[in-house]
Amino acid sequence: MAESDNIVVETAEKIFADLADPQTINNDKKNSWQAPLWQALSEAGLPLSWVPDDLGGSGASLADGFALLNAAGRFAVAVPLAETMLAGWLLAQAKIASPDGEMTVLPASPKDRITLDADGSLSGRARGVPFAKAAKHFAVLAHGKDGAVIALVDAGKGRIESGLNVGYDHSDTVTLDKVQPVTLKAAPKGLDQTTLMLMGGVARSLQIAGALESMLDISVRYSNERVAFEKKISKFQAVQHNLARLAGESAAALAAATSAADAIANAKSFDDAVYLEAASAKIRCAEAAEKGGAIAHQVHGAIGFTMEHILHRYSLRALAWRDDFGSESHWAVELGKLVASRGADELWPLVASR
Amino acid sequence: MTAALRFDPIRLPEKCEQLRKEVRAFLAEEIAAGTFDPHKPNREDTDAPEFSRRVGAKGWLGMTWPKKYGGQERSFLERYVVTEEMRVANAPTRRFFVADRQSGPVLLKYAPEHIKMDILPRICRGEICFAIGMSEPNSGSDLFAAKTRATKTDGGYLINGTKIWTSSAHIADYMIAIFRTSQPTKENRRHGLTQFLVKMKQPGIKVNPIGQITGQYEFNEVVFTDFFVPDDHVLGEVDGAWKQATSELAYERSGPERFLETYYVLTELVRAVGPNPDTRSAEGIGRLVAQLHTMRRMSVSVAGMLQAGKEPVVEASIVKDIGTVWEQQLPHRVRDLAAFVEETATNRETLERQLDFAIKTAPKLTIQGGTTEVLRGIIARGLGLR
Chain A
326 MAESDNIVVE
336 TAEKIFADLA
346 DPQTINNDKK
356 NSWQAPLWQA
366 LSEAGLPLSW
376 VPDDLGGSGA
386 SLADGFALLN
396 AAGRFAVAVP
406 LAETMLAGWL
416 LAQAKIASPD
426 GEMTVLPASP
436 KDRITLDADG
446 SLSGRARGVP
456 FAKAAKHFAV
466 LAHGKDGAVI
476 ALVDAGKGRI
486 ESGLNVGYDH
496 SDTVTLDKVQ
506 PVTLKAAPKG
516 LDQTTLMLMG
526 GVARSLQIAG
536 ALESMLDISV
546 RYSNERVAFE
556 KKISKFQAVQ
566 HNLARLAGES
576 AAALAAATSA
586 ADAIANAKSF
596 DDAVYLEAAS
606 AKIRCAEAAE
616 KGGAIAHQVH
626 GAIGFTMEHI
636 LHRYSLRALA
646 WRDDFGSESH
656 WAVELGKLVA
666 SRGADELWPL
676 VASR
Chain B
4 MTAALRFDPI
14 RLPEKCEQLR
24 KEVRAFLAEE
34 IAAGTFDPHK
44 PNREDTDAPE
54 FSRRVGAKGW
64 LGMTWPKKYG
74 GQERSFLERY
84 VVTEEMRVAN
94 APTRRFFVAD
104 RQSGPVLLKY
114 APEHIKMDIL
124 PRICRGEICF
134 AIGMSEPNSG
144 SDLFAAKTRA
154 TKTDGGYLIN
164 GTKIWTSSAH
174 IADYMIAIFR
184 TSQPTKENRR
194 HGLTQFLVKM
204 KQPGIKVNPI
214 GQITGQYEFN
224 EVVFTDFFVP
234 DDHVLGEVDG
244 AWKQATSELA
254 YERSGPERFL
264 ETYYVLTELV
274 RAVGPNPDTR
284 SAEGIGRLVA
294 QLHTMRRMSV
304 SVAGMLQAGK
314 EPVVEASIVK
324 DIGTVWEQQL
334 PHRVRDLAAF
344 VEETATNRET
354 LERQLDFAIK
364 TAPKLTIQGG
374 TTEVLRGIIA
384 RGLGLR
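Sequence order for the protein chains is A and B. Residue 625 in the working numbering is what sits at position 300 of the first sequence, and the numbering runs on without skipping anything. Residue 371 in the working numbering is what sits at position 368 of the second sequence, and the numbering runs on without skipping anything.
Written out as structure tokens, the structure reads:
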């Protein structure tokens, strides 16, 4: 996924550069940049990248869509691009056409469940739903007596208690109380809530990796500009070694996330190997967000702690993204259980299979 | 343009899986025959010459080298599979590992033809062991402070001085060493060192074993007194060793041996907690496995870059930095998690014995083959900071 070998990524990067320059949008207290950005992304067909042409999307490959999410992370844009992509992907799994406009997915946490009642209505509570307040529709994964179902729901039918995550983006609680969906179909065999969480987790991993790339860039740049004790701070060995560690965390996050994306893009099913890749990506990227973000702030000193500086756009979002679609603690427990149940002598064969 | 380094998701090709099966079957046979015990990384009999020859007979030494020198002309990714399977099984690789990874490639690049024809096939057959003569009593990470002299004499050089921390020198047949042939210049303090091939086990070389904190005697002091090295044993440019050192670093620093040195304690922990771990154990194991998987994917990616003919020195330094810090911390994390393992776990004694050894091994991992500080300096240079 080099930056320029992909037309989807090239298109997105041009739009981000034109309409989501980090300093410009950081200065804009009224968020007046959001509507033009969303319009441009929509006109380019990017939010419905993972929806086939015949279901209303632009039919990009899984790989191209993942690369797009990595690019979105590099700009840390506060629009529901990843969420609409995931929603479109989920609906397409059940051959449900995607409507225009912003969407998000329910549930967004492995702990929450939406249930399908006998009368065809949906009920349940989903916490930490990203951009629910901005969404016109929800793509819902629910549990019926015959297994998982996928539904398109009018966002106006849900009760939304709005909240903000650590990165100041909407992260809302959505309650469905006997809501009749617009469309509802059985989920294909093998697709369950875990699949959705793994897919969402890899999306967030790519965004975190992208944010870390930008944190590394602006930290290196700043260290080459800032003078203290009569020399550039980039010349102090302690600062150099901190930045080397940030480069390592950024590289590890990117390696874990792109490997998981590649695994999903080429997988026939969500087997143990894909589970290892996707869960590992979320765990390792979340760890990198903490360690790497702390170094980026350390390099910047007090200026990086201000709202005026752009650093927090990346550092806080990367931290917030850790919580979505299962935290690193959640996935570590699940991965640990999987490894234990396979047995000690099956650990290396699993790792080596990738 | 971003400063971030990309580790593309390289996958091992299909043919590697057949090879992996062959290596596992071979190692299983060796274990069954009593050559080594995979649960005992601290065994004393790590110099296993017969095992070394059998690995050579399989065609797994010098795998990537030209056939005319005994090699197989196979890919770095295939060599990667052999290396990681040997490492995970705790196979006794000491006798051939340095020659296969490092010394052979140096000879391939810099030795005269008749020496290549003489030595490389013997490495491939697993017959000879190499040591690396870099550090000296007052020259460790600062390689270019080396003082051991090579004085020109008729037909060759006379060597006087001392190398130290030289792993396997007591069993080695050859050493590749750097000696001082000229003084450094004002403009270039790295000038004046030359790389040599040294035939060991001869008068004029005295090898003194040094006890390590693990209780083992792996490294040595090697004293040269008027030791003669013939002219054709000069490797590369006289006074120009500094130009030759860097390209090998990518091979030396990115392999699976840079994060698997203490791996056995993780396997044993998984065995000890059993199939239904409590939440604390499960989370701890899950994190360690995620970190391990990520490092391996980075390491395989670097092997792919090497196969593509690149020189990923900065990427390799990142793999070694993250990998060695991880394998150093691993025994301590496993110890944390093992604190509440049931007293009745059948492998409790094995785990405790392994932890004892791994905890003693851990301090060296971030020192040998390029310290953490040196690596971070290289990464910082790659970022344009120096």
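Yeah, the Cβ is synthetic: ideal placement off N, Cα and C, and Gly gets one too. This structure is a prediction, so every number in the text was calculated from the model and none was measured.
Query                                                                                                                                                                                         : Result
Checking contacts by CB at 8 Å: is H625/A closer than that to chain B?                                                                                                                        : no
Pull up the distance between the alpha-carbon of L260/B and that of T520/A, whole angstroms please.                                                                                           : This sequence places Glu at residue 260/B; Leu is not what is there. Whole-angstrom Cα-Cα distance: 34 Å.
Look at R393/B and D339/B and say whether their C-beta atoms are less than 8 Å apart.                                                                                                         : Examination of residue 393/B is not possible in this model, given that chain B is present from 4 through 389 alone.
Starting from the C-beta of W63/B, find all residues in its chain whose C-beta is less than 6 Å away, skip the five residues before and the five after it, and write them out in chain order. : V85
Quick check on the burial criterion: 16 or more other C-beta atoms within 10 angstroms. Buried or exposed for P212/B?                                                                         : exposed
Comparing the C-beta of W673/A with each C-beta of chain B, is any distance below 8 Å?                                                                                                        : yes
Can you tell me whether A342/A is buried or exposed? The criterion is at least 16 other CB atoms within 10 Å of its CB, across all chains shown.                                              : exposed
Within a Cβ cutoff of 7 Å, which residues of the same chain sit near S666/A, ignoring the five residues on either side of it in sequence?                                                     : none
Starting from G573/A, trace the alpha helix (DSSP H) in both directions and tell me its first and last residue.                                                                               : 562–590
Using a Cβ-Cβ cutoff of less than 6 Å, which residues in the same chain neighbour L15/B once the five nearest sequence positions on both sides are dropped?                                   : L80
Taking C-beta pairs closer than 7 Å, name the residues in chain B that S654/A reaches, listed in chain order.                                                                                 : E286
Exposed or buried, which one is S185/B when buried takes at least 16 other CB atoms within 10 Å?                                                                                              : exposed
Report buried or exposed for E53/B, applying the criterion of at least 16 other Cβ atoms within 10 angstroms of its Cβ.                                                                       : exposed
State yes or no: is the C-beta of V564/A nearer than 7 Å to some heavy atom of the ligand FMN?                                                                                                : Among the ligands in the structure shown, none appear at all, so the ligand FMN cannot be discussed.
Should the region 566–577 of chain A be regarded as contacting the region 611–627 of chain A, the criterion being three or more beta carbon pairs within less than 8 Å?                       : yes
Quick one: Cα of G218/B to Cα of A60/B, how far?                                                                                                                                              : 32 Å
Residues of the region 530–546 of chain A in Cβ contact with chain B at a cutoff of 7 Å, in chain order, please.                                                                              : E538, L541, D542, V545
Between F400/A and the rest of its own chain, which residues show a CB-CB distance below 6 Å, the 5 nearest in sequence each way excluded?                                                    : F341, A345
When you compare the region 291–306 of chain B with the region 314–323 of chain B, are there three or more beta-carbon pairs, one atom per stretch, that lie closer than 8 Å?                 : yes
Can you check which of these residues, A585/A, Q359/A, A578/A, is closest to E612/A by C-alpha distance?                                                                                      : A578/A
By Cβ distance below 6 Å, which residues in the same chain neighbour L22/B in space, the five residues on each side in sequence not counted?                                                  : E81, V84
Roughly how far, in whole angstroms, is the beta-carbon of G1/B from the beta-carbon of G661/A, given that I think they are within contact range, below 8 Å?                                  : Lying before the first or after the last residue shown, residue 1/B is absent from chain B, which here runs from 4 to 389.
Straight-line CA distance for W329/B to V337/B?                                                                                                                                               : 12 Å
So, with DSSP's three-state summary, where would you put V226/B?                                                                                                                              : strand
Taking C-beta to C-beta, are T5/B and E335/A nearer than 8 Å?                                                                                                                                 : no
What did DSSP end up calling A36/B once you bin it into helix, strand or coil?                                                                                                                : coil
Confirm, please, whether the CB-CB distance from R529/A to K607/A is below 8 Å.                                                                                                               : yes
Assuming I179/B contacts G243/B under a Cβ cut-off of 8 Å, what Cβ separation, rounded to an integer in Å, is found between them?                                                             : In fact, because the Cβ distance is near 15 Å, the residues do not count as touching under 8 Å.
Rounded to whole angstroms, what's the CA-CA distance from E264/B to L295/B? Just pull it up for me.                                                                                          : 12 Å
Does any residue of chain A have a CB that is nearer than 8 Å to the CB of E87/B?                                                                                                             : yes
Tell me, to the nearest whole angstrom, how far the beta carbon of L406/A is from that of P372/A; I am working on the premise that it is less than 8 Å.                                       : 6 Å
Tell me, please, which residues DSSP counts as bridged to V232/B.                                                                                                                             : Y160/B
In angstroms, rounded to a whole number, what distance separates the CA positions of L238/B and Y220/B?                                                                                       : 29 Å
Using only CA atoms, which one of V232/B, P95/B, D176/B lies nearest to L210/B?                                                                                                               : At residue 210/B the sequence reads Val, which differs from the Leu that was named. Ranking V232/B, P95/B, D176/B by Cα distance to V210/B puts D176/B first.
So, at 7 Å on beta carbons, what are the nonlocal neighbours of L541/A in its own chain, with the 5 sequence-adjacent residues on each side left out?                                         : L571, A572, S575
Using 8 Å for Cβ pairs, my map puts I589/A next to V527/A. What's the rounded Cβ distance?                                                                                                    : 6 Å
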